[in-house]
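Participant: Chains as they are written, first to last, in our numbering: chain A, 7 to 71; chain B, 21 to 313. Backbone N, C-alpha and C fix where the C-beta goes; we use that ideal spot for every residue, glycine too. Just so you know, these numbers come straight off a predicted model, no measurement behind them. Handing you this structure, nothing more for now.
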């Protein structure tokens, strides 16, 4: 049942991807001036955020079983 | 903080104010086009995505209600996109009793007509122009007016309107719900038939009356309240919209700071990690001989 609840909320998780991308872009833009570095840094930050969130999700998935 | 001699910030205070009013505008003023486009697309995009997801219901002010203070404290940094919420809250405050029609209203109405008395069965959709104005005083306050439109999409219908309660003028929904008695004629195959029915539906609100309007959460006005209706219909999208609009506001704080002070790590021509990596290597290289001794 709890797995079903988790699965039913998966679609909401997709909304976090654009949010993570926007946060990465704006945060990096506020640190640097060069467009190239901003894009490079935001890509790196986006990846970090997604990996971190995936780890948290994985941990919660294991814990709630 | 690193100094940023290469970046022309022009007047940083003006840039910061412009950045507050419209995300990215301060950077356009400073001719930092790339950042201006990035900030405006990202921040306004996030704000309006949140508004869209929540059916435009999550940005509002209810004076005296403290439950929305944290979202509002974040949303306010969206500047002009949030400012109408202040105006709408003030407009709502001036209306003494929002349950009744306080001033004439007109617009497109669409809804259902249930017939009460007529020679033919009238049960279907109606759509057309509705004009109403307040009538009566005290306990008998209501509204009257006229309606002209189509029944079931093909039969011309018109009549007089007599109603009581109506949704408040200012609320974050595209339609103003109302129910009224409609008495008049409907044309079937060139023949006018009289009817006396009950119509219920929505009168279109203008954007000035729904954008950033407060959600009424007083059950003396509406039951269920507008807040309950929004939560019931939107579910988690209400929270998702709130989150998006809050994050948009917080991100604009970074943009305002950037417009005022420049980028936090300087002009950004050098990637600081690579530099720091080089520094670390240089330090280790200089330390090694010392340790060897």
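From which residue to which residue does the beta strand (DSSP E) around residue 161 (chain B) run?
Facilitator: Counting from one through the second chain, the residue named residue 161 (chain B) turns up at place 141. Unbroken run through residue 161 (chain B): none, as it is neither H nor E.
Participant: Closer than 9 Å, CB to CB, is residue 55 (chain A) near chain B or not?
Facilitator: Locating residue 55 (chain A) in the first chain gives position 49, where the first residue counts as 1. No - not a single Cβ of chain B is within 9 Å of the one on residue 55 (chain A).
Participant: Would you please state the rounded distance, in angstroms, between the beta carbons of residue 109 (chain B) and residue 83 (chain B)? I believe it to be under 8 Å.
Facilitator: As a position in the second chain, residue 109 (chain B) is number 89, starting the count at 1. As a position in the second chain, residue 83 (chain B) is number 63, starting the count at 1. With a Cβ gap of about 6 Å, residue 109 (chain B) and residue 83 (chain B) count as contacting.
Participant: Go through its chain and collect everything with a Cβ distance to residue 55 (chain A)'s Cβ below 6 Å, but skip five positions before and after it.
Facilitator: In the first chain, residue 55 (chain A) corresponds to position 49, counting from 1. If we look at residue 55 (chain A) and ignore the five residues flanking it on each side, its Cβ neighbours are 26.
Participant: Just verifying my parser: in three-state terms, what is the DSSP assignment at residue 55 (chain A)?
Facilitator: Taking the first chain and counting its residues from 1, the one referred to as residue 55 (chain A) is at position 49. In this structure, residue 55 (chain A) counts as helix in the three-state DSSP scheme.
Participant: With a threshold of 9 Å between beta-carbons, can residue 46 (chain B) be considered close to chain A, or not?
Facilitator: For this step, residue 46 (chain B) is matched to residue 26 along the second chain. Taking Cβ atoms only, chain A never reaches closer than 9 Å to residue 46 (chain B), which makes this a no.
Participant: Are the C-beta of residue 71 (chain A) and some C-beta of chain B separated by less than 9 Å?
Facilitator: For the purposes of this step, residue 71 (chain A) is taken as the residue at position 65 of the first chain. No, its Cβ sits nowhere closer than 9 Å to a Cβ of chain B.
Participant: Considering just the uninterrupted stretch of the alpha helix (DSSP H) at residue 75 (chain B), what are its terminal residues?
Facilitator: Working through the second chain from its first residue, we reach residue 75 (chain B) at position 55. No alpha helix (DSSP H) contains residue 75 (chain B), which DSSP labels as neither H nor E.
Participant: Helix, strand or coil: how does DSSP classify residue 114 (chain B) here?
Facilitator: To locate residue 114 (chain B), count along the second chain from 1; it is residue 94. Helix, per DSSP.
Participant: Would you identify the three-state DSSP class for residue 2 (chain A), choosing helix, strand or coil?
Facilitator: Absent from the model: residue 2 (chain A). The displayed extent of chain A is 7 to 71, so no value can be given.
Participant: Tell me which residue opens and which closes the beta strand (DSSP E) that residue 249 (chain B) is part of.
Facilitator: As a working mapping, residue 249 (chain B) is identified with position 229 in the second chain. No beta strand (DSSP E) contains residue 249 (chain B), which is instead part of the alpha helix (DSSP H) from 246 to 254.
Participant: Would you report the Cα separation of residue 49 (chain B) and residue 35 (chain B), rounded to the nearest angstrom?
Facilitator: For this step, residue 49 (chain B) is matched to residue 29 along the second chain. For this step, residue 35 (chain B) is matched to residue 15 along the second chain. Approximately 6 Å between the Cα atoms of the pair.
Participant: How do the stretch 216 to 228 of chain B and the stretch 247 to 260 of chain B stand: do at least 3 beta-carbon pairs fall below 8 Å, yes or no?
Facilitator: No contact exists between the stretch 216 to 228 of chain B and the stretch 247 to 260 of chain B.
Participant: If we count Cβ pairs, one from each stretch, closer than 8 Å, do we get three or more for the stretch 96 to 105 of chain B versus the stretch 268 to 278 of chain B?
Facilitator: Yes, the stretch 96 to 105 of chain B is in contact with the stretch 268 to 278 of chain B.
Participant: How would you call residue 67 (chain A), buried or exposed, if buried means at least 16 neighbouring beta carbons within 10 angstroms?
Facilitator: To locate residue 67 (chain A), count along the first chain from 1; it is residue 61. Label assigned to residue 67 (chain A): exposed.
Participant: With a cut-off of 9 Å, does the C-beta of residue 25 (chain A) fall near any C-beta of chain B?
Facilitator: Working through the first chain from its first residue, we reach residue 25 (chain A) at position 19. Output row for residue 25 (chain A): interface = yes.
Participant: Within the continuous beta strand (DSSP E) that includes residue 151 (chain B), where are the two ends?
Facilitator: In the second chain, the residue the question calls residue 151 (chain B) occupies position 131. First-last of the beta strand (DSSP E) with residue 151 (chain B): 143 to 155.
Participant: Alpha carbons only, please: which of B:280, B:285, B:286 is nearest the one belonging to residue 40 (chain B)?
Facilitator: The residue labelled residue 40 (chain B) in the question sits at position 20 within the second chain. Minimum Cα distance to residue 40 (chain B) is reached at B:280.
Participant: Please report how far the alpha carbon of residue 200 (chain B) lies from the alpha carbon of residue 206 (chain B), in whole angstroms.
Facilitator: Counting from 1 along the second chain, the entry for residue 200 (chain B) is found at position 180. Counting from 1 along the second chain, the entry for residue 206 (chain B) is found at position 186. Roughly 17 Å between the two C-alpha positions.
Participant: Could you check whether the Cβ of residue 32 (chain A) sits closer than 9 Å to any Cβ belonging to chain B?
Facilitator: What you label residue 32 (chain A) is simply residue 26 of the first chain in a count that begins at 1. Output row for residue 32 (chain A): interface = yes.
Participant: Measure the CB-CB distance between residue 145 (chain B) and residue 131 (chain B) and report whether it falls below 9 Å.
Facilitator: Within the second chain, numbered from 1, the residue matching residue 145 (chain B) stands at position 125. Within the second chain, numbered from 1, the residue matching residue 131 (chain B) stands at position 111. Result yes, Cβ atoms of residue 145 (chain B) and residue 131 (chain B) sit closer than 9 Å.
Participant: For residue 47 (chain B), which three-state DSSP category applies?
Facilitator: Sequence index remark: in the second chain, residue 47 (chain B) carries index 27 (1-based). Note: residue 47 (chain B) maps to helix in three-state DSSP.
Participant: Give the range of the beta strand (DSSP E) segment to which residue 221 (chain B) is assigned.
Facilitator: Your numbering for residue 221 (chain B) matches position 201 in the second chain. Start and end: 211 to 224.
Participant: With which residues is residue 186 (chain B) paired in a DSSP beta bridge?
Facilitator: Against the second chain, residue 186 (chain B) aligns to sequence position 166. According to DSSP, which records beta bridges pairwise, residue 186 (chain B) is partnered with B:198.
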